[in-house]
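To start, the structure itself, in structure tokens.
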Amino acid sequence: MNYSATEMMAVAAARVLTNDDICFVGIGTPSLACNLARLTHAPGITLIYESGTIGARPHVLPLSIGDPELSETARTTVAVPEMFQYWLQGGCISVGFLGGAQIDRYANINSSVIGSYEKPKVRLPGGGGAPEIASLCRKTYVVMAQSRRSFVERVDFITTFGYGEGGDHRQRLGIHTEGPTLVITDLCIMRPNLITKELEVTALHQGVTREQVIDATGWPVRFAERVEQTPPPTEAELSVLRDLQACTARAHGLEVGQND
Amino acid sequence: MNYSATEMMAVAAARVLTNDDICFVGIGTPSLACNLARLTHAPGITLIYESGTIGARPHVLPLSIGDPELSETARTTVAVPEMFQYWLQGGCISVGFLGGAQIDRYANINSSVIGSYEKPKVRLPGGGGAPEIASLCRKTYVVMAQSRRSFVERVDFITTFGYGEGGDHRQRLGIHTEGPTLVITDLCIMRPNLITKELEVTALHQGVTREQVIDATGWPVRFAERVEQTPPPTEAELSVLRDLQACTARAHGLEVGQND
Amino acid sequence: MTEFLALREAIAAYVHDGSTIALEGFTHLIPFAAGHEIIRQQKRNLTLVRMTPDLIYDQLIGMGCARKLIFSWGGNPGVGSLHRLRDAVEHGWPRPLEIEEHSHAAMAAAYGAGAAGLPCAILRAYQGSDLPRYNPNIRSITCPFTGEQLAAVPAIRPDLAIIHAQRADRAGNVLIEGIVGVQKEVVLAARHAIVTVEEIVDDLRAPSPNSVVLPSWTVSAVVAVPGGARPSYAHGYYRRDNAFYTAWDALSRDRERFLRWMEEHVLRECPAVPQP
Amino acid sequence: MTEFLALREAIAAYVHDGSTIALEGFTHLIPFAAGHEIIRQQKRNLTLVRMTPDLIYDQLIGMGCARKLIFSWGGNPGVGSLHRLRDAVEHGWPRPLEIEEHSHAAMAAAYGAGAAGLPCAILRAYQGSDLPRYNPNIRSITCPFTGEQLAAVPAIRPDLAIIHAQRADRAGNVLIEGIVGVQKEVVLAARHAIVTVEEIVDDLRAPSPNSVVLPSWTVSAVVAVPGGARPSYAHGYYRRDNAFYTAWDALSRDRERFLRWMEEHVLRECPAVPQP
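Residue numbers (the numbering used here), protein chains in the order written: chain A, 22 to 281; chain B, 22 to 281; chain C, 6 to 281; chain D, 6 to 281.
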């Protein structure tokens, strides 16, 4: 079965989630991956959206963080201050799922500006929930399509702190959570080095070469001692993924593929 | 129509409430007075109990601050932290209604201990919501049966700050609300002097003499320049009051009069 | 995640001598049955946390389970004193009781801070009151924007929360309705939580998308105890036994009579619900 | 207490040039109709507060109503940029826009502090982020119990809150259901509040004792505006117009096309609901 690199990324992201995860879900690929996990191997996963919905089980993917599908299918919906104070800051969340416009080798993420903050070349939407999702969830997973524009030597702005300058920088700031333990791209999977916290490629998706990854990374990317190969999407995974996207597109009155 | 001094006190307390008041209600005479007001001249009054019930319209008086009658008849019931943070501290409440075991000439109230705090002769229930009701409601009314034991030269413990040592003591502590502008007893009505904030008798209930009030007050009590006479309870007031108490007693399986 | 246990097992597993535990329920859904099981299992040196100790803590204190009480209003609502609490504070019977006293506003905020993973709560409180002179856990903090002084109290983070709720589903999700007090806060603030429920059902039947629901993964153990809040009440199930609350005044005033009542109605019972 | 007004009257009475106003609704119940009326009445120099500016603030900004924006996520959810917001920040068109940027957690807490009558909120936030370097309203505070440093942000207390809700009763009590966002907080935090509703009814039909209800005395004006949240949605009434959100990307990218669309669909309308 043929599949796109984007589909591989979503499937790889879904696979790392477990039945017991309490997952704080961002819109876009994170939401796709989390719902794919829920509809395949992790039916018991709890999906939490920052709009306040706890245990949402949407039939189609939400376009926004607060689509009706979320609240209608959730176990309960709480106010947004409560969501951030009790549920996120209170330490209930096992995994936060993030994306961003730029990421650096220490998994610091920029979703604020390209250029300077005060005179931006591009004003991006901003951090939203991300800065605290990254510091307060027990760990975070990042999903981003990989290119030299997005995987950069130095992010223009640290919206969301990953490992800062590496090493024990998180601990020095008094952050007690694990941080971005996993970065999933359309080419590979990266994990922070245990000591330096620099991202290292630990798995390549099938058919992807080291050169491709090197070309798509804005810093001299390191590879782990053992680099595994990501198993390709199974037919079952692909068919659930495509059904979900097709339903979503129909429900939103969009062309298929417009919303991924 | 005959009536007791306690009934006079409840009626006098009810009369000072208006249709527009948002009233934070304590159990006992405050609750009786507030509901009497609601069932007579102030049907639009909003009663708020610290259990979180907003707009309660109980058919019988609650025994506790959280009886089923409150939540079942309320417009909404919120969590207790929200009640204290958003509704009380947020400045929504126009009148707080308090009682206590002891009160002094500056309307400081003790509901904690008789004797010393660390070796109390009598350990009273304590402040509950009172300390903040008194500082955060726009004004507070106090209802207490008057005697030398309860109206004392100096309270053993300031659970709930009234006017402290008088004058601008409230302002000096950064309290911006009016404080206990009215004390209603079974003998009279007292109000703080505009300047000194010492309580002065401004009205005597019918048939009560100055000597009776002096005898029942633990400090040399002052009388305002003009002392009015409280009109006696009307038949309508008494009949609503007695009906309410009778219903309440039946509902709680108590003897009439046991719960006031 | 959630275990479904018998009451006896749940208390044995989660209540340890010396624990800090909070049985909450603000004049509603008070977990009496669970408190009685703690008494039967003769737990000792507990730090008991509860805004309104109510009859259940009067009983725990009178039976010698408590070393310390953290509270904000210690009376029998609408009736008067808690005589066992008073006897412990005034005369050290059956053992001395250390107290840490707050106002409701501060204690509610402290539970909220516990749920929110903060070390403290800030609030406008205690102005002019004598309480801060006797409670070193009431401090102050300065607003970095206005310079205003605010009160600060430490977050409450008990070892164990016990609450009673209307129902749980078979996955362990819990519905609470009516006066919800600080129940959500105490469960989220505590390291473990036991929830006794009126019934375990296939479908929670939450009437509103905004109903108060505790997801199963916030709850360590669910225990079916119909009537487990009596003589308190469960909105939608049974009413408050106000006559018993009134009768407790006389039943509890005298040490011997109290002990006799407890012997007959609590100690001899298997996990069930005492009637006055 | 609550006045029942027409939309035109309510906006004229409560929105003044230079006001700080917050039209809230977290991706649900966004008060579009009220925002459009503000545009029609050509209000100027507004400080606009909103966690997610969304299309409605993109329109207000593009039509020149805003001087400053306080926000925490400024995109078109699931679609991309807000082009009018970007054009104002990047090129000062149609006028320069000052921004004060927070994270969601901080802004939600700041609304909570506003509702709670506190001068500031404390939270565990912004650790390692560059945002505090550019926003002097992010400061820190030390816990007096643990010594821990916490972030502090000033309370949000707008001159006016505008929200949309499902219904109000004839006394002016308001029911909100589904994703309730920060609606209660913003109404309690603001000096005045306008609530547009789908319908005004004899009985609120709140399904639960714990339903989110704003008592009439928290609301300055109630305005019946059926469909007043479109293209956002109203839980129980109509669904989100996701196709319009997607189409807005192209409609708003170009200044002229944007102005034409606004002219046709907002400026020429009497208070009614635009369709794309």
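Where a beta carbon is used, it is the ideal one built from N, C-alpha and C, also for glycine.
Check	Outcome
Partners in chain C for L109 (chain B), counting only beta-carbon separations shorter than 8 angstroms	A110
Closest by C-alpha distance to H62 (chain B), when choosing among B:T27, B:A270, B:A34	B:A34
Nonlocal neighbours in the same chain, by C-beta distance under 7 angstroms from A277 (chain D), ignoring five residues either side	Residue placement at A277 (chain D) cannot be trusted, given a pLDDT of 47 that sits under 50; what the coordinates show is reported in the next sentence. Within the same chain, A277 (chain D) has no close Cβ partners at all.
Three-state secondary structure (DSSP) of A57 (chain D)	The amino acid occupying residue 57 (chain D) in the given sequence is Thr; Ala does not appear at that position. Three-state DSSP puts T57 (chain D) in coil, outside helix and strand.
For A100 (chain A) and V54 (chain D), believed in contact at Cβ under 8 angstroms, the rounded distance	Not really, about 17 angstroms apart at Cβ, beyond 8 angstroms.
Chain C contact for Q279 (chain B) (CB, 9 angstroms cutoff)	Low local confidence applies: a pLDDT of 44 at Q279 (chain B) is under 50, so the model's placement there is unreliable, with the coordinate-based value given in what follows. Judged by the 9 angstroms Cβ criterion, Q279 (chain B) is in contact with chain C.
Nearest-angstrom beta carbon gap, V242 (chain A) and L225 (chain A) [assumed within contact, 8 angstroms]	Not quite, the Cβ-Cβ distance comes to about 12 angstroms (not below 8 angstroms), so this is no contact.
For R13 (chain D) and G195 (chain B), the rounded distance between their alpha carbons	41 angstroms
S137 (chain A), buried or exposed, once every other Cβ within 10 Å from all chains shown has been counted against 16	exposed
V200 (chain C) beta carbon less than 9 angstroms from that of V224 (chain C)	yes
Per DSSP, cross-strand counterpart(s) of R212 (chain B)	B:E221
Cα-Cα separation between P212 (chain C) and S237 (chain C), rounded to whole angstroms	23 angstroms
Under 7 angstroms from the C-beta of P201 (chain A): neighbouring residues of chain D	Ordered by position in chain D, no residue passes the 7 angstroms Cβ test against P201 (chain A), which lies about 12 angstroms from the chain.
Check: V227 (chain C) C-beta below 8 angstroms from any heavy atom of the ligand FAD	No copy of the ligand FAD occurs in the structure displayed, which carries no ligand at all.
Cβ of W78 (chain C) within 9 angstroms of any chain B Cβ	yes
Element boundaries [beta strand (DSSP E), containing H169 (chain D)]	165-174
According to DSSP, residues forming a beta bridge with C44 (chain B)	B:L68, B:V116
Cβ-based burial, P101 (chain D) [other Cβ within 10 Å; buried from 16]	exposed
Local conformation of K189 (chain D) per DSSP, three classes	helix
Spatial distance of D92 (chain C) from W98 (chain C) (CA atoms)	6 angstroms
Contacts that R129 (chain C) makes with chain D (C-beta to C-beta distance below 8 angstroms)	G122, L123
Close beta carbons around K48 (chain D), own chain, < 7 angstroms, minus the five adjacent residues each side	V20, D22, C70
Pick from A:S168, A:L208, A:L145, A:G149 that is closest to D177 (chain A), judged by C-alpha positions	A:L145
The alpha helix (DSSP H) enclosing R138 (chain C), as first and last residue numbers	136-139
The region 36-54 of chain B / the region 141-155 of chain C touching (three or more Cβ pairs under 8 angstroms)	no
Secondary structure of E14 (chain D), DSSP reduced to three states	helix
C-beta contact flag for A39 (chain D) and G233 (chain D) at 9 angstroms	yes
Unbroken stretches of the alpha helix (DSSP H), 4 residues or longer, contained in the region 71-118 of chain B	89-94
Enclosing beta strand (DSSP E) for L203 (chain B) [first to last residue]	201-205
Chain-ordered residues of the region 75-91 of chain A with a beta carbon less than 9 angstroms from chain C	I75, G76
Closest Cα partner of S85 (chain B) within the set B:T161, B:E71, B:Q250	B:E71
Neighbourhood of M6 (chain D) by C-beta, 6 angstroms cutoff - its chain only, sequence neighbours within 5 removed	S221, W222
Distance between beta carbons of H197 (chain D) and L165 (chain D), contact taken as under 8 angstroms	5 angstroms
Test item: CB-CB of A27 (chain D) and V191 (chain D) under 9 angstroms	yes
Chain D contacts made by the region 139-170 of chain B, where a contact means CB separation under 9 angstroms	L157
Three-state secondary structure assigned by DSSP to T161 (chain A)	strand
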